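Here's the structure we're looking at; comments come further down.
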Amino acid sequence: MLQRENLLTRLKQQYNTMSKGQKCLTDYIVSHYDKAAFMTAARLGKEVGVSESTAVRFAIQLGFEGFPEFHEALQELVMNKLNSIQRIEVTSGRIPQAKVLDTVLQSDIEKIKMTLEQTDRDAFRLAVQTILEADTIYVVGVRSCAPLASFLGYYLNQIFGSVRLVTTSGATEVYEQIIHISEKDVIIGISFPRYSMRTLKAMEYANARSAKVITITDSVHSPINLYSSCNLIARSDMVSIVDSLVAPLSIINALIVALCMKREKEVMNTLETMEKIWDEYEVFSGDDIDHLDDRLKLQINNPGEKDE
Numbered sequence: 017m018l019q020r021e022n023l024l025t026r027l028k029q030q031y032n033t034m035s036k037g038q039k040c041l042t043d044y045i046v047s048h049y050d051k052a053a054f055m056t057a058a059r060l061g062k063e064v065g066v067s068e069s070t071a072v073r074f075a076i077q078l079g080f081e082g083f084p085e086f087h088e089a090l091q092e093l094v095m096n097k098l099n100s101i102q103r104i105e106v107t108s109g110r111i112p113q114a115k116v117l118d119t120v121l122q123s124d125i126e127k128i129k130m131t132l133e134q135t136d137r138d139a140f141r142l143a144v145q146t147i148l149e150a151d152t153i154y155v156v157g158v159r160s161c162a163p164l165a166s167f168l169g170y171y172l173n174q175i176f177g178s179v180r181l182v183t184t185s186g187a188t189e190v191y192e193q194i195i196h197i198s199e200k201d202v203i204i205g206i207s208f209p210r211y212s213m214r215t216l217k218a219m220e221y222a223n224a225r226s227a228k229v230i231t232i233t234d235s236v237h238s239p240i241n242l243y244s245s246c247n248l249i250a251r252s253d254m255v256s257i258v259d260s261l262v263a264p265l266s267i268i269n270a271l272i273v274a275l276c277m278k279r280e281k282e283v284m285n286t287l288e289t290m291e292k293i294w295d296e297y298e299v300f301s302g303d304d305i306d307h308l309d310d311r312l313k314l315q316i317n318n319p320g321e322k323d324e
């Protein structure tokens with residue numbers, strides 16, 4: 017059987033010699049491999065706009081005995097995902113340099129649309145309610161997901177009194193920061209391919225302590241869903257050197273807005289207090305152009321004059 021690395025190599029090597037229909041199949045599979053992995057030949061053909069026989073011949077041309085073997089290779093790809101080198105190889109064979117901007121932005125748009133269509137509204141409402149009822153909210157996200165976790169943690173701090181952003185560079189540090197988690201708390205784990213073992217272990221530990229577990233990830237097959245009671249799925253499967261995190265950020269943004277609406281009074285009080293603190297301690301004064309020193313003001317107002 018062809019290994020998944022060989023599958024990607026074959027797709028890249030044969031792309032320029034493929035027919036229009038085969039190129040459409042390749043483009044769809046590379047961009048949506050986790051979805052294509054669970055489609056029959058007929059369904060895949062219909063999704064792409066080619067016949068079932070074209071999909072079968074496509075698998076055979078790639079070196080498989082038939083579509084079932086090709087289908088199995090796709091499922092292996094979903095389970096193992098792609099490493100960074102493979103992402104670069106596939107992307108370089110599919111996206112012309114002159115169309116990078118258009119291609120990437122259009123792909124992001126498609127991911128948001130797919131997320132909107134596929135998001136479980138009941139799971140979203142459950143996540144909101146679970147967070148509202150928690151004593152302490154823990155947020156975990158490492159590597160490329162760390163900015164998402166930081167963004168979520170920052171705004172949760174504006175709404176709730178007890179939020180802990182788990183920041184870590186080592187496995188043991190995770191347990192040190194969540195050691196007191198209990199059944200009254202909730203942990204939000206954010207993980208996208210390639211999935212983080214540290215995040216997975218944090219979810220496992222929190223589940224063992226009977227805490228509520230919410231995950232924000234890319235697929236129902238994501239390993240961190242093993243320990244969660246509420247899964248928020250956001251598409252991020254654009255194959256390139258990086259995964260698109262636009263749709264996950266949109267899900268997080270929606271979550272923050274929903275929580276703000278539920279805690280509107282508390283949020284307003286917090287913001288009013290913060291504004292007073294910012295004014296009292298001139299937090300933003302250094303960034304305000306009105307507070308530039310007199311010499312710089314003079315230079316701006318009288319650019320032709322020289323310093324004495």
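Residue numbers (our numbering): 17 to 324. Ideal placement from N, C-alpha and C gives every residue a C-beta, glycine not left out. Note that the structure is a prediction, hence the values are computed from the model and not measured.
Query: For P239, I'd like the list of residues in its chain whose CB is within less than 6 angstroms of its CB, leaving aside the five on either flank, ordered along the chain.; Result: Y211 and L216
Query: Along the chain, which unbroken stretches of the alpha helix (DSSP H) at least 4 residues long are found entirely within the segment 209–259?; Result: 213–224
Query: Could you pull the start and end residues of the alpha helix (DSSP H) that G61 belongs to?; Result: A57 to V64
Query: Hey, out of Q30, G65, T25 and T33, whose CA is closest to Y44's CA?; Result: G65
Query: Assign L181 to one of three DSSP states: helix, strand, or coil.; Result: strand
Query: Assuming A250 contacts P264 under a Cβ cut-off of 8 angstroms, what Cβ separation, rounded to an integer in Å, is found between them?; Result: 4 angstroms
Query: Judging by CA-CA distance, which residue of T33, K129 and V46 is the nearest neighbour of I267?; Result: K129
Query: Apart from the five residues on each side of it in sequence, which residues of its chain come closer than 6 angstroms, Cβ to Cβ, to A57?; Result: E68, A71, V72 and F83
Query: Does the pairing of the segment 135–150 with the segment 284–294 give three or more beta-carbon distances under 8 angstroms?; Result: no
Query: Taking 8 angstroms as the cut-off, decide whether the C-beta atoms of A227 and I197 are in contact.; Result: yes
Query: Between the segment 158–169 and the segment 133–144, are three or more C-beta pairs nearer than 8 angstroms?; Result: no
Query: Bridge partners for I203 per DSSP, in chain order?; Result: Y154 and V229
Query: Please report the straight-line C-alpha distance between E199 and R225, rounded to a whole angstrom.; Result: 6 angstroms
Query: What does the alpha-carbon distance come out to for the pair F80 and V262?; Result: 35 angstroms
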